[in-house]
Amino acid sequence: MDSTQDANRSREEQMAVERLQGASAPKSEADWGIDNLAIVPGDVQKTRSLRDPRFEGLPTGASTMFEELSVTLEQVVDSNDLRPAWWLEEGAARSRAVCKIDASGVDYKGRSGSWSGSGFLVAPGILCTNHHVLNSKEVADRSRALFDFAALADGSVRQVSTFRLRPDLLFWTSPVVASGGQGGLDVTFVGVDGEPGATFGSVPLLRQAFVVAEDDKLNIIQHPDGKLKEVAIRNNKVVFQNTQVIHYESDTQAGSSGAPVMNDGWELIALHHAAKDTANEGIKFSAIAAALELEAQTGNADAARIFRIFGGTDELVGFFGTLGRTVSQNDSGMERVVDAYKGEDQDLDIGFWNIEWFNKRWQDKLDSVARVIVEMNLDVWVFVESSLEATEALARHLETNYRTKRWGVLASQDATSEKQITTVMWNSGTVTVTAKDWPAKVERWLQVDSRQFDDLGLEAVHGRVFDRYPALYEVKAKIRDTDTTFNLVPIHLKAMGEGSLRRQMAARLLAEAVAELAKDESFDTDWIIGGDANATLASGDLDPLTSAGLTALTAQDAAQEQITYVKAPFKSLIDHVFISPNLVPDGRDFMIVALDRNIDRFQEVSDHRPILLRLAATGTAHSEPAAGQPLSEDELRRLSQGLRRRNDPPAGTLSLEEARTRLADRGTYYDGTADAIVRGAYWNGVSAGTAGFASAVAGILKRTHAKPLSYEPSAHVYPWVDVRENGKVQSIYSGFEATSEYFIQADREVERLRTKARSALLESGVLESTDLESMLEAQFQYNCEHVVPQSWFNKNEPMRGDLHHLFSCEPRCNSFRSNHPLVQHEFERTMQDCGRVEDETFEPKGGKGAVARATLYFMLRYPGVVGRRYVGQRLKTLLAWHEQYAPDEWERHRNAAIYTLQGNRNPLIDFPEWALRLQFEG
53 MDSTQDANRS REEQMAVERL QGASAPKSEA DWGIDNLAIV PGDVQKTRSL RDPRFEGLPT
113 GASTMFEELS VTLEQVVDSN DLRPAWWLEE GAARSRAVCK IDASGVDYKG RSGSWSGSGF
173 LVAPGILCTN HHVLNSKEVA DRSRALFDFA ALADGSVRQV STFRLRPDLL FWTSPVVASG
233 GQGGLDVTFV GVDGEPGATF GSVPLLRQAF VVAEDDKLNI IQHPDGKLKE VAIRNNKVVF
293 QNTQVIHYES DTQAGSSGAP VMNDGWELIA LHHAAKDTAN EGIKFSAIAA ALELEAQTGN
353 ADAARIFRIF GGTDELVGFF GTLGRTVSQN DSGMERVVDA YKGEDQDLDI GFWNIEWFNK
413 RWQDKLDSVA RVIVEMNLDV WVFVESSLEA TEALARHLET NYRTKRWGVL ASQDATSEKQ
473 ITTVMWNSGT VTVTAKDWPA KVERWLQVDS RQFDDLGLEA VHGRVFDRYP ALYEVKAKIR
533 DTDTTFNLVP IHLKAMGEGS LRRQMAARLL AEAVAELAKD ESFDTDWIIG GDANATLASG
593 DLDPLTSAGL TALTAQDAAQ EQITYVKAPF KSLIDHVFIS PNLVPDGRDF MIVALDRNID
653 RFQEVSDHRP ILLRLAATGT AHSEPAAGQP LSEDELRRLS QGLRRRNDPP AGTLSLEEAR
713 TRLADRGTYY DGTADAIVRG AYWNGVSAGT AGFASAVAGI LKRTHAKPLS YEPSAHVYPW
773 VDVRENGKVQ SIYSGFEATS EYFIQADREV ERLRTKARSA LLESGVLEST DLESMLEAQF
833 QYNCEHVVPQ SWFNKNEPMR GDLHHLFSCE PRCNSFRSNH PLVQHEFERT MQDCGRVEDE
893 TFEPKGGKGA VARATLYFML RYPGVVGRRY VGQRLKTLLA WHEQYAPDEW ERHRNAAIYT
953 LQGNRNPLID FPEWALRLQF EG
């Protein structure tokens, strides 16, 4: 090579010639190449609200980029260039993560020499650039990344920081793009020594496809000609895009290869790789994400690690992306991405979502829900707590404001918007849904009242078993050109403990209905039953469904790729999907793919997270029926089979001692069968309907608290008690998640700092005292929260070490809460993500149900200690949180673990319905 500049220019120009040769770029609407899209790519500006604008809460009329871009395109182009102040700050932050790369060795065409390019951090220790900049591990190992290679205002150069690249830690590359769209995506990710991102930050990876429209303005941060860092801002117009690339007019030079291309909100959209005259091309990161996801499915650990960094979803392939889609392994990287994008006919995506009072509040939630629908891009949605009016309004809103395909809508029953029902909405371009009538015999069963089973003796508030009618739908779609049909039954069962009988009865009725229809050849044998069951699987209320041969796809199965619970940041374990045996993944007919992602968007709409299902191929409204008619003795016997009294443990051969041994075994996260046996024995003889019930509960809590523990969260809380199903520990208020070892090490560091400070103070003459220890504890706090503050009981034992009210919690949230009582605020003041403080009271952002039950337990176990802090409305708030956020698998695990360690249990976790019968001291 003659020179670095010539080498760079040949690369830039070669990339452009191979991609851009020929006539002018086609219009993007004609070139996306995907049939039956839920949303039309040409109307990209309609989707801008999908992205977090980063300025919510500004006063009305505040000047923002997104407010300008929300009007017509003509108003955007050549509009005034006023930008909010954060625009400069955000750009400066992005710029720090961009570096110059000095490379040498044998390049992608087999030529020896040296060259330079641009790159940027996408994580603290991961760098992204072009393949033609870093084409091999050998080249990467010889290369260096130069950060802060930039000029200061006076013309001098910043202090440059040089980092060695570490392909031995991580390396993933896709070759250059060849003519006709063949080849790879011209991208390389490589590890960097020393994690420079801790100093220089990183550029978040975004998977969304619709982040720019034609004529939008872009920003490119680069090292042109290998020179000091420069920025091409705003006067860089988008002229074309498709699923893989974006073309734009911009000032770039040789050496700009590997530069990040960002929209006018500084969101990363493409990797610059080609230049010819004023025409430039970038590889879209949505396409790069698809390639990584496909590669990760083949077992490539580096690809999987990089893919996990991406945020958002690609609207073109929906929430599940390319999971489960088959592409030719002989195709190039670019061809495989295109094949995956065109693989819509390989799968069917279904979502179940309790939107919470959507029937009454749909006008307030309409656009927020619509944005979720567009971003997720599923084929069928089942909505709980909905109405026909609300769902039809949502469908029209999607079609009118987001230019989606037409949506079909059906409701479970003829009801006004005052009544919560279930509704179904589907993309008419990909699927057909038809309402069907249950056979007359089954219809009679669905109208029964729980009083017809009164002789079972269960505690219950009686009423119709199905307060919300379980409609029956037939779903038809073509998957891999094969006609696929299954029955869909949305459910919304009775809530709270007193609804246990009706939930059990509903589960039995549905199981028998499936069995009955199996005799009818006009009905398909595939079933999907899902929605809000208002009970965990561990409760046993839904056992009749699984006993009848249906398979529960639950949150804990996500690791086995069966079902998806979207977290934000909490899982809902009372929403379930049950499928018939012939739909269970077995590698023959269907596979069911799963993904567990944190998506914050749902938080603004509902506390319930959607549960999502992808079926991937491997090879009209009902009127409200009349009240139920009496059942025959035969039917009563058949339908009550398997129902049990609330306190009865499941059938089994375990003795009490065997059950206790199994609970103590930390090899199993939570053994529901063993816990049910222990729970039954622990509360044996206690009934909520008897005199002296409340005092009996309090007495048992005190008497069985036989092994009081000292306050050592590193010994009990972090290693086991507070561990979640995924093996991580989660901060109770903020949802921050880390390993047990992280929290243990953090507390060890706190102890080290306390010891150091104590020694220094004692040497200076300060006398050792309880005041000194209190000062040190306040200054250097453990990562643990006493839900009932220690100052309320003067740090006395056994209250201080009682595990039932100890939760993992970062010191910042602990300090923010201080010793304020828990309340529900009408107005809010928020510090980061811990919660809200107002007038010396605290409302936590997360964990409301758990902390409410812990506080109520404390009031039962230590009557009078909290004084008058929880009376009146405050006590009602705790009880309301307890009812709204039911105990989940994690709380049941906590309760069982604490029982093993200190001997007593929290009755509000064992029997949530007891809260209505207990007396809590104020």
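When the sequence shown is numbered by the numbering used here, its final residue is 974 and no position is left out of the sequence of numbers.
By construction, the Cβ of each residue, glycine as well, lies at the ideal position given by its N, Cα and C atoms.
Contacts around residue i, its chain only, beta-carbon distance under 7 Å, and the 5 residues preceding and following it disregarded
i: N479; result: A90, D431, K457, W459
i: D130; result: Caution applies to D130, whose pLDDT of 40 falls short of 50 and renders its modelled position unreliable; the model cannot decide the point.
i: A356; result: A348
i: A42; result: Any answer about residue 42 is impossible in this case: the structure gives the chain only from 53 up to 974.
i: R852; result: Y763, Q842
i: L204; result: R210
i: K897; result: Y785, S786, D885, C886, G887
Residue i versus residue j - alpha carbon distance
i: D717; j: E825; result: 36 Å
i: D962; j: P915; result: 20 Å
i: T484; j: M477; result: 10 Å
i: L970; j: F745; result: 7 Å
i: Q211; j: I273; result: 19 Å
i: E345; j: H325; result: 21 Å
i: V889; j: R869; result: 7 Å
i: R455; j: F372; result: 22 Å
i: A668; j: N835; result: 43 Å
i: L217; j: G278; result: 18 Å
i: K571; j: R905; result: 47 Å
i: L664; j: F832; result: 43 Å
i: A726; j: H768; result: 21 Å
i: S821; j: P765; result: 23 Å
i: T468; j: T350; result: 50 Å
i: W942; j: D267; result: 50 Å
i: V818; j: T807; result: 14 Å
Spatially closest choice to residue i from the options, by CA coordinates
i: V45; options: H184, R146, G162; result: An answer regarding residue 45 cannot be provided, because it is not within the stretch 53 to 974 covered by the chain.
i: V541; options: L237, G235, W579, D533; result: W579
i: I402; options: C836, V781, W433, V283; result: W433
i: D533; options: E444, D399, S439; result: D399
i: S860; options: P256, V150, F795, D891; result: F795
i: D154; options: L562, T807, S213; result: S213
i: F252; options: R731, R148, L553, T374; result: R148
i: A587; options: I531, T452, A558, L908; result: A558
i: L761; options: L953, G899, D891, R776; result: L953
i: A320; options: A137, F262, L819, N332; result: The sequence shown places Leu at residue 320, not Ala. Comparing Cα-Cα distances from L320 to each of A137, F262, L819, N332, the minimum goes to F262.
i: K43; options: R946, L874, D823; result: The chain is shown from 53 up to 974; residue 43 falls before or after that span and cannot be answered.
6 Å CB neighbourhood of residue i in its chain, flanking five on each side removed
i: K488; result: L524, E526
i: V566; result: W579
i: T756; result: G955, N956
i: W735; result: none
i: S164; result: V158
i: N378; result: In the sequence under discussion, the amino acid at residue 378 is Thr, which differs from the Asn named in the question. There are no such residues.
i: P863; result: Q833
Whole-Å CB distance - residue i paired with residue j, under 8 Å assumed
i: H275; j: F223; result: Wrong, their Cβ atoms sit about 22 Å apart, outside the cutoff.
i: L450; j: V424; result: L450 to V424, Cβ: 11 Å. No contact.
i: L237; j: A339; result: 6 Å
i: N411; j: E437; result: 6 Å
i: Y521; j: S574; result: Wrong, their Cβ atoms sit about 21 Å apart, outside the cutoff.
i: T475; j: S439; result: 7 Å
Cβ shell of residue i (< 8 Å), same chain only, five flanking positions each side left out
i: I950; result: V773, L855, H856, N956, R957, N958
i: W844; result: N871, V917, V918, G919, R921
i: V749; result: V738, L912, P959, W966, L970
i: F241; result: V174, I178, L179, C180, L222, F223, W224, T225, D354, I358
Proximity test, residue i beta-carbon vs the ligand ADP heavy atom, cut-off 7 Å
i: R458; result: Ligands are entirely absent from the displayed structure, and the ligand ADP is therefore not among its contents.
What beta strand (DSSP E) runs, 3 residues minimum, are completely inside the segment 884–961? Entirely contained in the segment 884–961, the beta strand (DSSP E) runs reaching 3 residues are, in chain order, 887–890, 893–896.
Of all the alpha helix (DSSP H) runs that stay within the bounds of the segment 806–861, which reach a length of 4 or more residues? Here the runs fully enclosed are 822–831.
Identify every run of the alpha helix (DSSP H) within the segment 721–761, keeping only runs that are complete inside it and at least 4 residues long; order them along the chain. 724–734, 745–756, all fully within the segment 721–761.
Tell me the start and end of each unbroken beta strand (DSSP E) in the segment 259–293 that is at least 3 residues and wholly inside, in chain order. Within the segment 259–293, the beta strand (DSSP E) runs of at least 3 residues that lie entirely inside it are, in chain order, 269–274, 282–293.
Which runs of the alpha helix (DSSP H) fall wholly inside the segment 218–258 and span at least 4 residues, in chain order? List check, alpha helix (DSSP H) in window: 249–252.
Continuous alpha helix (DSSP H) assignments of at least 4 residues falling wholly in the segment 331–369: If one requires a minimum length of 4 residues, the alpha helix (DSSP H) runs lying completely within the segment 331–369 are 337–348, 353–359, in chain order.
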